[in-house]
Ligand code: DAH
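Residue numbers (this note's numbering): 248 to 583.
Take a look at the structure:
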């Protein structure tokens, strides 16, 4: 059936589509919408003419008008979205080399977070960060620390030795850096040494062939165990909460005398089902160690400690398997 109304509809539809597409901004688009689809609009006027058609022509014309209306509304929406996007697009070229305003790409590894917190606590007390090589020699790792040649820690079962003529090894603890720092610096010394260490352990829930430690060393005149205890207590309260308690138990290390193991207790240890958890080794620097680095043990006293960063992170975040730190599972890492 050929109806003048349908021709009119076709022309109107095209005009509306062109009008929407050409609208340069939201306001123009809205005006176009009103002029075609508004209550006084041209399209609405057409719809009103439907009643003037012969009865048998109405269904077909009605269908055509409705189809056009749906199409126009969709075109309107498409253009509205396009304009929105356009409005949000910068007109100036973007300089991608400018520094970012927020750190939203990725996040820090839990071990990095804990290390940074430890360093921050010690900085408050005037400690500086020192470091040393992960590939060490026997002298700095053992001999200078008063560790005898037959000590089990030196065994090839426990230590990774390199296949080099001078028996280099991967350091088994950060204590080697104590020696390196004292050998090049006169007292007072106040350092902490966060770093990676290596032991010939098989990986299980609590062991890994490589892990991280923080070493601390304080040397001056008249340094006592009380200084050591006060420092450890301050740092652990800062790290683990103000109600954290510390306890020293006698122990043996060849490079300190007396030596202690440090236990701590807090809401976190109770959450793990224990009142006290062993957290670190420490003691007063052995006079022989001072002799080895050329410090006079009659003048200088000092304390040292060492603890594992993974262990602290595991307690803090209630992680039960040390291997999670190294697997790079994004579901794990995203939680920090
Ligand atoms: N080096 C020891 C370890 O790896 C920890 C340690 C104990 C460090 C006593 C010290 C110390 O400085 O005085 O288990």
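Backbone N, C-alpha and C define an ideal beta-carbon position, used for all residues, glycine too.
Item                                                                                                                                              : Value
According to DSSP, simplified to helix, strand and coil, what is residue 303?                                                                     : helix
For residue 577, does the three-state DSSP call read helix, strand or coil?                                                                       : helix
Report yes or no: do three or more beta-carbon pairs, one from the region 385–396 and one from the region 357–364, lie closer than 8 Å?           : no
What span of residues does the alpha helix (DSSP H) with residue 264 cover, start to end?                                                         : 251–269
Taking only the alpha-carbon atoms, compute the straight-line gap between residue 437 and residue 389 and give it to the nearest angstrom.        : 21 Å
May I ask you to check if the CB of residue 553 is nearer than 6 Å to at least one heavy atom of ligand 1?                                        : yes
Can you tell me where the alpha helix (DSSP H) holding residue 497 begins and where it ends?                                                      : It is not in any alpha helix (DSSP H) - residue 497 instead sits in the beta strand (DSSP E) that spans 492–500.
If I'm right that residue 554 touches residue 460 with Cβ under 8 Å, what's the distance once you round it to whole angstroms?                    : 7 Å
At a cut-off of 6 Å, is residue 406 close to ligand 1 when judged by its beta-carbon and the heavy atoms of the ligand?                           : no
Cβ-heavy atom distance between residue 356 and ligand 1 below 6 Å?                                                                                : no
Per DSSP, what are the beta-bridge partners of residue 219 in this structure?                                                                     : The chain is shown only over 248 to 583; residue 219 falls outside these bounds and no answer can be derived.
Examine chain C for any beta-carbon lying closer than 7 Å to the beta-carbon of residue 423, and answer yes or no.                                : This model lacks chain C altogether; it includes just one protein chain.
With a Cβ-Cβ cutoff of 7 Å, do residue 541 and residue 513 count as a contact?                                                                    : no
Thinking C-beta only, is residue 462 closer than 7 Å to residue 501?                                                                              : no
Would you be able to state if there are at least three C-beta pairs under 8 Å between the region 273–285 and the region 295–313?                  : no
Which partner residues of residue 422 appear in the DSSP bridge assignment?                                                                       : Looking at the DSSP assignment, residue 422 forms no beta bridge with any residue, so it has no partner.
Among residues of its own chain, excluding the 5 on either side of residue 454, which ones have a beta-carbon nearer than 6 Å to its beta-carbon? : 448
Can you tell me whether residue 301 is buried or exposed, with buried defined as 16 or more other CB within 10 angstroms of its CB?               : exposed
To the nearest angstrom, how far is it from the Cα of residue 531 to the Cα of residue 548?                                                       : 7 Å
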